[in-house]
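Numbering (this note's numbering), first residue to last: 21 to 89.
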């Protein structure tokens with residue numbers, strides 16, 4: 021699965037990753053965030069892909085906080 025996530029990171033731009041996280045923060049579910057992304061940016065990601073992006077970004081934020089970056 022980690023290899024698959026690496027592929028997703030290479031194909032989903034940093035800007036889209038940020039937008040996904042911002043939309044998810046205000047949504048009640050990953051499915052709702054995926055629908056908001058589709059409507060706001062005309063981008064389609066499955067709720068599972070969206071979940072993976074959000075969780076990966078969260079792990080990176082935690083790692084940066086722990087390292088003091």
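Built from N, CA and C at the ideal position, the CB exists for glycine as well. Just so it is clear, the structure is predicted and the values come from calculations on it, not from any experiment.
Can you give me the C-alpha to C-alpha distance between residue 78 and residue 59, rounded to a whole angstrom?
Between residue 78 and residue 59, the C-alpha separation is close to 24 Å.
From the DSSP output, in three-state form, read off residue 88 for me.
coil
Once the 5 residues before and after residue 63 are set aside, which same chain residues still bring their CB inside 6 Å of it?
57
May I ask which residues mark the beginning and end of the alpha helix (DSSP H) holding residue 35?
34 to 45
Quick test of your reading: residue 74 and residue 44, contact by CB under 8 Å. State the CB separation rounded to the nearest angstrom.
5 Å
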